[in-house]
Ligand code: GLN
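Residue numbers (the working numbering): 20 to 275.
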């Protein structure tokens, strides 16, 4: 009796292995998908041209190149900036590509790739504003920013400031144009692009770029295999000139 039971159990185990094996093969035959989360009001890193659903920008080109290098089909999902890390942790996306600065606080929640771009925050005010020249001058003033960003963190560090955190950068900039706030704090290359695209008719930057921030691609904490594969792909793209090509497309010159 006992021997028969053992035989049945062994057969069942073998069958289970076979089924698992087949399933695995099937999965590998289908195209692997890299689910990418972004927040597309952050030109020139991620944005949608008016009337288009396509995702444009430096990060978008970079993540598509990274995915290609890794043999993945890249699918991009649009969500609020403050929803990106929760989406990673819930397993709804595999990677965040959103001009996300590598910070100690975020490192507690996610695993970052090697840095791929150096940025920093800057203050933008209306052209007719001659009172605000530095962060100190923002004390007690109204500041707009995007929710969940390092810009919001900086704004909240200003004594007595009234901070409004918007879902999108577009709304934050509009609030400044409407004189609903005195300043916006956002990433310098994004503010620069906005001004160059016509924002300079009404707005300008003041002061220097605040301390440097590095952008990283983020994966779920502990997903070291994916992080390593992404780093390998990034290194390859830097070596084979693809990174420089993408950089040139969006910033006009190759960063040294
Ligand atoms: N780099 C900033 C941050 O990580 C802003 C990013 C963004 O708005 N997409 O918070």
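For each residue, glycine too, the CB sits at the ideal point set by N, CA and C.
Judged by DSSP secondary structure, residue 263 falls within the alpha helix (DSSP H) whose first and last residues are 261-270.
For residue 244 and residue 113, the gap between their C-alpha atoms comes out near 12 angstroms. The nearest non-hydrogen atom of the ligand GLN is 7 angstroms or more from the C-beta of residue 235. DSSP lists 237 as the beta-bridge partner residues of residue 131. Within the same chain, and ignoring the five residues on either side of residue 178 in sequence, the residues whose Cβ sits closer than 7 angstroms to its Cβ are 158.
Counting C-beta pairs with one atom in each stretch, the stretch 195-206 and the stretch 96-107 have fewer than three that are closer than 8 angstroms, which means they do not touch.
Taking a cut-off of 8 angstroms for Cβ pairs, the stretch 146-154 and the stretch 73-92 do not touch, as fewer than three such pairs fall below it.
Annotation for residue 55: the continuous beta strand (DSSP E) segment containing it runs 51-57. In this structure, residue 80 has its beta carbon at no less than 7 angstroms from each heavy atom of the ligand GLN. Distances from the CB of residue 232 to the heavy atoms of the ligand GLN include at least one below 7 angstroms. Using a cutoff of 7 angstroms, the CB of residue 58 counts as near the ligand GLN, since one of the ligand's heavy atoms is closer than that.
With a threshold of 16 other beta carbon atoms within 10 Å, residue 261 meets it and is buried. Within the DSSP secondary-structure output, residue 165 pairs in a beta bridge with 185. Of the candidates 116, 139 and 55, 139 places its Cα closest to the Cα of residue 211. Distance from the CA atom of residue 69 to the CA atom of residue 215, rounded to whole angstroms, is 17 angstroms.
Excluding sequence positions up to five before and after residue 125, its CB lies within less than 8 angstroms of the CB of 104, 119, 131 and 237, all in the same chain and listed in chain order. With respect to residue 95, residue 55 sits close: the two C-beta atoms are nearer than 8 angstroms. Taking the Cα positions, residue 227 is about 46 angstroms away from residue 50.
In this structure, DSSP gives residue 139 an extended state, which the three-state scheme calls strand.
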